[in-house]
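Report on the following structure.
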Ligand SMILES: [Zn+2]
């Protein structure tokens with residue numbers, strides 16, 4: 001098994017939080033270059049949208065972006081259910 005990349009972690013976070021993930025959350029997971037990871041995931045075929053952070057309980061010094069997954073391409077083999085053995 002290979003070690004998950006930061007892009008894998010970013011994708012997992014996006015899947016876990018359909019309401020969106022604020023940029024500051026990625027910083028908490030030590031992914032300061034999350035914007036570059038979004039670019040990689042988009043190139044891999046993931047549809048990632050972003051909007052201004054509108055979480056009312058967030059207080060930011062400067063405007064932040066919230067990233068979220070739009071519809072996933074159907075051919076992405078994210079969930080493999082083949083039995084083994
Ligand atoms: Zn925020």
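Residue numbers (the working numbering): 1 to 85. Virtual Cβ for every residue (Gly too), placed ideally from N, Cα, C.
Open item on the list: Tell me which residues share the same chain as residue 6 and place their Cβ nearer than 7 Å to its Cβ, disregarding the 5 neighbours each side in the sequence.
Closed with: 31, 37
Task: C-alpha distance - residue 65 paired with residue 2, whole-angstrom precision - done: 30 Å
- [ ] Look at the Cβ atom of residue 29, then the Cβ atom of residue 14, and state whether they are nearer than 8 Å.
- [x] no
Task: Distance between residue 56 and residue 68 (C-alpha atoms, nearest Å) - done: 17 Å
Task: beta strand (DSSP E) runs contained entirely in the stretch 18–58, provided each spans 3 or more residues - done: 48–52
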